[in-house]
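Taking my numbering, the leading residue of the sequence shown gets 4, the next gets one more, and so forth. By construction, the Cβ of each residue, glycine as well, lies at the ideal position given by its N, Cα and C atoms. The model shown is predicted, which means the values in this text are computed figures rather than measured ones. Notes for the one structure printed next.
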Amino acid sequence: MLGHLEADQAWRFITTSPHVPATYKNVVECQDFLDFNSYVARRRDQDKCSDDELGQLALLLTELQGAIESKMSETTAQ
Numbered sequence: 004m005l006g007h008l009e010a011d012q013a014w015r016f017i018t019t020s021p022h023v024p025a026t027y028k029n030v031v032e033c034q035d036f037l038d039f040n041s042y043v044a045r046r047r048d049q050d051k052c053s054d055d056e057l058g059q060l061a062l063l064l065t066e067l068q069g070a071i072e073s074k075m076s077e078t079t080a081q
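Given below as structure tokens:
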């Protein structure tokens, strides 16, 4: 992942610490979510990554989405 993305963004993905501005109300507004989906699609469709890697990326995407939703609910609760 570090070889394909900017280091800051890759580490946000790896550590599931997405950048979520307080104004976001929906996961699809989050650029990190959109970028990670694009990254997964590229690895799957263009780079033809292994099924194992694709499974790991899918798990990480799920975790990233959960982190985004959690940050959005914290913002809404305040």
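- Straight through space, the alpha carbons of Asp-38 and Pro-21 are spaced by roughly 11 Å.
- Secondary structure at Tyr-42: helix, using DSSP grouped into helix, strand and coil.
- Linking Gln-68 to Asn-40 through their CA atoms gives a straight-line distance of about 10 Å.
- Looking at Thr-78, Glu-66, Lys-74, Glu-72, the one whose alpha-carbon comes closest to that of Ile-17 is Glu-66.
- Rounded to whole angstroms, the gap between the alpha carbons of Ala-44 and Pro-24 is 25 Å.
- Under the DSSP assignment, Ala-25 falls outside any alpha helix (DSSP H); it carries neither an H nor an E label.
- Note on geometry: alpha-carbon atoms of Met-75 and Gln-49 lie some 32 Å from one another.
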